[in-house]
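**Student:**
Number of protein chains: 2
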Amino acid sequence: MKHRRRIGKQDFPVAEVRRFLEPGPVVLVSSAYRGATNIMTMGWHMVMEFSPSLVACMIASANHSFELIRKSRECVINVPEAALADAVVGVGNCSGADVDKFARFRLTASPATFVEAPLIAECFANLECRLYDAAMVRKYNVFIWEVVKAHAPAAPKYPKTMHYRGEGMFMLSGASANWRRKFRPGML
Amino acid sequence: MKHRRRIGKQDFPVAEVRRFLEPGPVVLVSSAYRGATNIMTMGWHMVMEFSPSLVACMIASANHSFELIRKSRECVINVPEAALADAVVGVGNCSGADVDKFARFRLTASPATFVEAPLIAECFANLECRLYDAAMVRKYNVFIWEVVKAHAPAAPKYPKTMHYRGEGMFMLSGASANWRRKFRPGML
Chain A
34 MKHRRRIGKQ DFPVAEVRRF LEPGPVVLVS SAYRGATNIM TMGWHMVMEF
84 SPSLVACMIA SANHSFELIR KSRECVINVP EAALADAVVG VGNCSGADVD
134 KFARFRLTAS PATFVEAPLI AECFANLECR LYDAAMVRKY NVFIWEVVKA
184 HAPAAPKYPK TMHYRGEGMF MLSGASANWR RKFRPGML
Chain B
34 MKHRRRIGKQ DFPVAEVRRF LEPGPVVLVS SAYRGATNIM TMGWHMVMEF
84 SPSLVACMIA SANHSFELIR KSRECVINVP EAALADAVVG VGNCSGADVD
134 KFARFRLTAS PATFVEAPLI AECFANLECR LYDAAMVRKY NVFIWEVVKA
184 HAPAAPKYPK TMHYRGEGMF MLSGASANWR RKFRPGML
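Protein chains in written order, with this note's numbering: chain A, 34 to 221; chain B, 34 to 221.
#1: Indicate the three-state DSSP secondary structure (helix, strand or coil) for A/Lys225 in the structure shown.
#2: Work out the CA separation of B/Arg163 and B/Gly201 for me, nearest whole Å.
#3: Along the alpha helix (DSSP H) that carries B/Phe203, what are the first and last residues, could you check?
#4: Let me know the secondary structure DSSP gives B/Ser217 once reduced to three states.
#5: Please list the partners that B/Lys182 has in chain A, where partner means a Cβ-to-Cβ separation under 9 angstroms.
#6: Does the beta carbon of A/Lys104 come closer than 8 angstroms to any beta carbon on chain B?
#7: Assuming the contact rule is C-beta atoms closer than 8 angstroms, B/Met220 and A/Asn111 should be a hit. Round their C-beta distance to whole Å, please.
#8: Tell me whether B/Leu101 sits in a helix, a strand or coil according to DSSP, three-state version.
#9: Just checking: is the beta-carbon of A/Trp55 within a distance shorter than 8 angstroms of some beta-carbon in chain B?
#10: Compare the Cα-Cα distances from B/Arg103 to each of B/Val121, B/His196, B/Tyr66 and B/Phe203 and report the closest residue.
#11: Taking the C-alpha atoms as reference points, what is the distance between B/Ser94 and A/Ser63?
#12: Using a Cβ-Cβ cutoff of 9 angstroms, what residues of the stretch 168–195 of chain B are near chain A? List them in chain order.
#13: Where do the N-terminal and C-terminal ends of the beta strand (DSSP E) with B/Phe45 fall, by residue?
#14: Using a Cβ cut-off of 8 angstroms (strictly closer), state whether B/Leu117 contacts chain A.
#15: Could you name the residues of the stretch 202–218 of chain A whose beta carbon sits closer than 7 angstroms to any beta carbon of chain B, in the order they occur along the chain?
#16: By DSSP, does A/Met34 sit in helix, in strand, or in coil?
#17: Hey, could you find the ends of the alpha helix (DSSP H) B/Ala118 is sitting in?
#18: With A/Leu54 as the anchor, note down where its beta strand (DSSP E) starts and where it stops.
#19: Check the DSSP bridge columns for B/Asn159 and list the partner residues they point to.
#20: Pull up the DSSP beta-bridge partners for A/Ser63, would you.
#21: If I measure Cβ to Cβ from B/Pro46 and keep anything under 8 angstroms in the same chain, skipping five residues before and after, which residues do I get?
Take a look at the structure:
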C-alpha cells in the first residue's frame, strides 16, 4: 500500500468528465444501501453525452454491489491511479459478501454531496452518479448514469491510469500527444 | 503518412476482443450502404458481453456515417495504432459528405467476410459487427453490436493505441503490468 498521498480536490465540471473516463481506465465503483457499503472494480463503461453528463456501465448481477446499486439507484465512479493497483486488483478479487473492502484495502470512505454512496478519498477523481435510465438494466445489466457532481484535483490534469486487457494484464497510461492544431474547433 | 506497414492477420476469437477494446482506444468505424462507404473516428464504446460478443457504441446522428450504419445495420470497428494518428485525427475532422476518406487518408478498404462494410487494412485489428439490438438507437444514438468475426495479428499481442481525452489531446498506451498472480481464476 505504497505511494498513497492526500489528494486536494475541487469541483470539476460534470460536462467534462470525458477527460477521465473516455480513455477507458479501470474504475472503482462505490455504493451504499441501507447502511451497507461496498466497492467493485469495473472496466466496462462508456461516455454517452456531455449535458446532461451521461455515462453507461455494465455491472454483472453476480457482483455483491449489483443489488446495492440497483436498489439505491446511485453510485460513485472513482478513478484510481496506477499507484493504487494493489487495491484495484484486490477489490476485484474478493466479494463484499465476505469482507469490508474499505477496511481490508485501507480505502477511505468520504461523504459525497448528492448521493449516499461514499467517495473513495484515495482515488484521483470521484464522480457522483444518479440513475438516469434503467431501461437496459434487466436485459444487459447496463446502468445509464447522470454524473451530478465531480471532484478532481486542479493538477495534474491527467491521472496515471490502469486499463484492463483481460488475463490479469493491464495497460498503464503513457505519454500525451497534442493534436489540437489538426482539429476543427467544433470537433474538439 | 509514415510508419505504415503491412499487417499479417489471422482469425481472432470474437469472445476475446476485450483485449483491444476494453482499454478504451479511439477506433475507426467503417461502413457501407448501397455502394457508398465511409469512415469515422469514434471514442465512445463499451464491451458488454463475451458470448455473444457484444459491444455498444455511440454514433452521433450528425455524422455522415450515421445513416449508412443505421440503414445497413452493420459496421467494422477498426483499431488503429498510434502510428496512424494523422489518419485518425484527419478522419475525425472532415465529413464523408465532402470527401472520400479512404482516398484522402490513403487507407485501404479490404473485403470483410460477413459484412459489406470494408476492413481498414492498415489498422491493427478489425471487428466485423452486425446490429444486435436497436433499442437504444433512437433515444441515445447507441448501437449494440455483435462482433461476428475478428481479424488481428498473432503478434504483437497488444497494439500501441491512442486514447482520446478531449481538447485535441490523446493518451498513448504505455507499459504493460501483469497482475495475474493476484487474480482468482474466475476473475480473469
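Even glycine gets a Cβ: it sits at the ideal position worked out from N, Cα and C.
**Tutor:** In this structure, then:
#1: Here chain A has residues from 34 to 221 only, and residue 225 of chain A is not among them.
#2: 31 angstroms
#3: Counting along the chain, B/Phe203 falls outside any alpha helix (DSSP H), though it belongs to the beta strand (DSSP E) covering Met202 to Asn211.
#4: In the sequence as presented, Ser is not what sits at residue 217 of chain B; that position holds Arg. Coil.
#5: In chain order: nothing, as chain A lies at least about 19 angstroms away.
#6: no
#7: So it is not a contact: roughly 19 angstroms between Cβ atoms.
#8: helix
#9: Note on identity: in this sequence residue 55 of chain A is Glu, with Trp being the wrong assignment. Cβ-Cβ to chain B under 8 angstroms: yes for A/Glu55.
#10: B/Tyr66
#11: 33 angstroms
#12: Ala168, Met169, Lys172, Tyr173, Asn174, Val175, Ile177, Lys190, Tyr191, Lys193, Thr194 and Met195
#13: Gln43 to Phe45
#14: no
#15: Met202, Phe203, Met204, Leu205, Ser206, Gly207, Ala208, Ser209, Ala210, Asn211, Trp212, Arg213, Lys215, Phe216 and Arg217
#16: Per-residue confidence for A/Met34 stands at a pLDDT of 47, beneath the threshold of 50, marking its modelled position as unreliable; the derived number appears in the next sentence. Coil.
#17: Ala118 to Gly125
#18: Where A/Leu54 is concerned, there is no enclosing beta strand (DSSP E), although the alpha helix (DSSP H) it sits in stretches over Arg51 to Leu54.
#19: B/Asn111 and B/His184
#20: A/Ile72 and A/Val109
#21: Ala183
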